[in-house]
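Those protein sequence lines, which keep their order, are chains D and W. Using our numbering, you'd call the opening residue of the first sequence number 11 and step up by one each time. Using our numbering, you'd call the opening residue of the second sequence number 356 and step up by one each time. Note that CB positions come from ideal geometry on N, CA and C, so glycine has one too. First comes the structure, then the notes that go with it.
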Amino acid sequence: MNELGLSYQGRIRKRTIILSFFFFLWFFIITLRLIQLQVIEHRRLRQAVISQSELKRSIIPERGAIYDRHGQILARSLPAPTVCLIPNEGDRPDELIARVERLRRILDLSEKDRQKIESRIRGGEKYIYIKRKAGWEEAERVAALNLKSIYVQQENRRFYPLGTLAAHVLGGVGMDGDGQSGVELQYNSRLEGVKGLSLIMRDANKRRYGWEILKAPQPGQNLILTLDETIQYIAERELEKAVREHEANWGTVIISHPASGEILAMATSPSYDPNDFPPSPIDLARNKGIQENFEPGSMFKIVTAAAAREAGVVGFNELFDCSEGKIRVAGWTISDHKKMGVLTFSEVIIQSSNVGTIKVGQRIGQERLFRTIQDFRFGRKTGLDLPGEESGIFHPLPSWSRTSIAAHSIGYEISVTAAQILQAMNIIANRGVLIPFRMTRPTLNAKDFSPDVPPSGTRVISEKTAVELTTRVFEGVVEEGTGQSARIEGFSAAGKTGTARKLDRDLGIYLASRHVASFVGFVPADRPVISMVVVLDEPKFSLQYGGQVAAPVFREIARRVLLYLRQAPQFSPDKGVVTAHFRNEDRP
Amino acid sequence: MVRKKLPKKEIAAAAGCIVLAVATLTFYVWHQAAVIQIGFQTSRLEEKKAALEEDIKKLETDKAVLLAPVRVDRIAREELGLLEPKPEQIIYEGIPPAKNHE
């Protein structure tokens with residue numbers, strides 16, 4: 011016992027208690043502070059840290075791929091390195107410019123690029139692209155230099171493995187991977203996905219020490235087109251050949267499956283490589299099939315013929331005197347390409363007589379003709395899921411002049427797109443029913459052309475009119491009329507040629523030397539597998555008629571496509587087809 | 356001042372507590388290290404998987420490039436000297452002899 015009356019053990023216990031108290035108090039305070047920092051103020055402090063670092067970057071998600079109907083890759087995003095500069099605190103602009111200068115040769119930077127980077131460095135920007143979407147070899151050489159503040163990061167680059175194939179349908183993307191035209195633009199929101207957010211972390215001295223993904227990017231959805239890679243290739247090859255051969259300004263081909271409205275090919279020549287989007291000149295990116303209006307000329311007689319039959323104003327064997335070879339309407343003389351004598355209604359269309367068709371048009375009358383043109387959906391977009399589609403030019407009835415019946419009957423005073431004229435021919439092919447066009451499918455299609463969604467159609471003309479026009483008129487155009495060059499051995503085809511003189515807007519006259527040559531048709535005529543429109547703008551040399559220029563393109567494409575689709579001939583062609591078939595016991 | 360000797364039992368108990376605490380801490384540290392190690396491994400494998408997936412994509416794209424119709428057509432014509440068959444050279448397998456068109 012000491013003077014305070016405490017024993018040795020008592021003193022020890024007291025000191026232990028005091029020490030323990032302070033220890034627990036200290037621990038308790040730390041715990042409270044931790045709870046305050048980590049739990050209560052977590053969100054605010056995290057935001058404070060994030061805002062202090064000031065380097066949030068969007069992460070561009072992987073863009074969805076685009077496939078053809080059989081799953082062939084048409085467009086896909088692949089990783090590509092991007093070389094960037096993230097200046098640290100204390101980095102002098104001259105030092106940074108010197109580092110960029112060392113990369114110039116490796117990255118093949120132009121003087122303009124260098125000046126741009128320099129001005130951004132001097133402007134104090136915190137994130138500067140040196141070269142976006144560079145090659146992997148370049149990126150490796152940059153990384154090997156291990157330069158301070160220079161980083162190699164990964165982005166996605168859009169790649170079109172088939173080059174120019176289906177360029178006008180696919181369109182192209184900008185540097186940030188956003189759709190600029192074609193289906194890339196039309197379905198941009200679906201393809202692009204949802205952007206993520208990353209944070210570049212920096213210490214108090216603003217030195218980079220970490221990288222954090224704040225929000226993971228969501229990749230875009232894939233897209234399946236109705237296009238068939240092989241049919242597209244056949245169409246492009248033949249079209250390109252024809253445009254070159256005839257020195258046309260441009261040409262377009264659209265092939266569809268009439269029963270489903272699915273577009274199997276859509277080609278424009280000249281074309282461009284979507285890997286180098288935008289093309290130069292930018293006009294090359296115009297999809298002529300839907301973005302170019304032209305006066306259809308005689309192709310439009312399919313509408314006049316349908317209107318005449320629907321109105322019941324002509325019989326197929328009714329005669330029209332076309333022997334003069336010209337007709338005068340309200341002061342204008344319209345002539346045929348040759349004198350044709352007296353023709354039946356069928357022959358008028360088969361031989362594409364302007365005189366005869368105008369006489370038919372006059373019988374139909376202004377209002378009925380106008381209504382039929384409206385019913386065939388001219389002057390309206392087809393609704394094809396591609397951006398920038400033109401509506402064509404179809405004047406309202408009150409503004410029709412005294413020449414309008416004659417002009418409309420033979421495809422003038424009205425402008426259409428190739429897609430609109432194909433849609434009109436599809437109405438005939440589908441026995442009077444309009445099936446809207448489609449460019450995308452929800453699922454892949456391995457074998458046939460069966461639509462995955464039953465197409466909904468609208469009746470435009472009666473089945474009787476459509477069938478009769480096919481068998482008595484449009485098959486005749488190919489068999490014995492202006493479209494004989496479209497004849498495919500072994501198959502019955504139906505179609506209509508068009509040769510439209512082009513209007514010189516300055517002079518206000520139609521020029522005899524400049525034409526739009528075209529052909530629209532389907533094959534086989536009784537149960538169409540494909541329908542197609544071919545348009546060539548201003549073919550040169552002596553061949554300028556649709557039957558001479560566009561119909562052979564139709565024939566060549568259709569022949570190859572039918573072979574590719576394993577369509578057996580409907581009848582023995584003139585030269586004779588050898589057919590072989592397995593006996594049941596021999597069948598493998 | 357004479358210090359009182361602590362009882363052996365208490366020393367043993369204290370030592371036991373210390374050993375237990377050290378063992379627990381050691382186990383905790385080991386556990387944390389193992390978790391981190393597995394985390395690293397998982398991350399490495401995930402990176403490898405992502406890289407392989409990218410490789411598959413690149414290979415699929417390379418395949419598409421190699422099978423591009425324009426390339427196949429060029430090789431068939433120019434390198435292999437193939438020609439398109441004439442209509443009369445085409446044999447339609449499995450199709451009954453065709454009827455004449457009327």
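Buried is the label assigned to Pro-97/D, since at least 16 other Cβ atoms lie within 10 Å of its Cβ.
Within the segment 69 to 85 of chain D, the residues whose Cβ lies closer than 8 Å to any Cβ of chain W are, in chain order, Gln-82 and Ile-83. Residues of the segment 168 to 199 of chain D with a Cβ closer than 9 Å to any Cβ of chain W, in chain order: Phe-169, Pro-171, Leu-172, Gly-173, Thr-174 and Leu-175.
For Leu-175/D, the CB contacts under 8 Å within the same chain, skipping 5 residues up- and downstream, are Leu-84, Glu-239, Gln-242, Tyr-243 and Glu-246 in chain order. Residues of the segment 272 to 295 of chain D that bring their beta carbon within less than 9 Å of a beta carbon in chain W are absent altogether. The beta carbon of Pro-227/D sits closer than 8 Å to those of Ile-69, Ile-70, Pro-71, Glu-72, Gly-203, Val-204, Lys-205 and Gly-206, all from its chain and outside the five residues before and after it, given in chain order. Neighbours of Tyr-161/D in chain W, taken as residues at a C-beta separation under 7 Å, are lacking, since the least C-beta distance is about 18 Å.
Interface with chain D (7 Å Cβ-Cβ cutoff): Tyr-447/W is included. Listed by position along chain W, the residues whose Cβ is nearer than 8 Å to that of Leu-249/D form an empty set, because the closest Cβ is around 14 Å away.
From the listed residues Asp-410/W, Val-420/W and Pro-440/W, the smallest Cα separation to Ala-90/D is found for Asp-410/W. Taken through DSSP and simplified to helix, strand or coil, Gln-48/D comes out as helix. Tyr-574/D is outside the set of residues whose beta carbon lies under 7 Å from a beta carbon in chain W. In the displayed model, Ile-138/D falls within a strand according to three-state DSSP. Contact with chain W is found for Glu-499/D, since one of that chain's Cβ atoms lies less than 7 Å from the residue's Cβ.
Close to Thr-450/D, with beta-carbon spacing below 9 Å, lies no residue of chain W; the smallest spacing is near 19 Å. The residues Met-350, Leu-353, Gly-491 and Thr-492, in chain order, have a CB closer than 8 Å to that of Gln-361/D in the same chain once the five nearest residues on each side in sequence are set aside. A distance below 6 Å between beta-carbons, with the five flanking residues on each side excluded, links Ala-431/W to the following residues of its chain, in chain order: Leu-437. Residue state for Pro-91/D is assigned as strand, using DSSP reduced to three classes.
Taking every protein chain shown into account, the CB of Glu-433/W has fewer than 16 other CB atoms within 10 angstroms, so this residue is exposed. Chain order gives the chain W residues near Thr-240/D as Pro-424, where near means a beta carbon separation below 9 Å. Going by C-alpha positions, Leu-119/D is about 11 Å away from Ala-144/D. His-386/W counts as exposed, since fewer than 16 other beta carbons sit within 10 angstroms of its beta carbon. In the three-state DSSP reduction, Tyr-422/D falls in the coil class, being neither helix nor strand.
Here Lys-311/D is buried. Its C-beta has 16 or more other C-beta atoms within 10 Å. A contact is defined here as three or more CB-CB pairs under 8 Å, and the segment 336 to 346 of chain D fails this definition with respect to the segment 440 to 448 of chain D.
Gly-322/D is the residue among Pro-562/D, Pro-406/D and Gly-322/D whose C-alpha sits nearest the C-alpha of Lys-474/D.
The three-state secondary structure of Val-352/D, taken from DSSP, is strand.
Fewer than three Cβ pairs drawn from the segment 477 to 485 of chain D and the segment 271 to 282 of chain D lie within less than 8 Å of each other, which leaves the two stretches out of contact. Around Gln-558/D, the same chain offers Ser-495 as residues with beta carbons nearer than 7 Å, after the five sequence neighbours per side are excluded.
Residue Ser-541/D holds the alpha-carbon nearest to the alpha-carbon of Lys-506/D among Asp-514/D, Arg-537/D and Ser-541/D. Contact annotation: Cys-332/D and Ser-363/D have beta-carbon atoms nearer than 7 Å.
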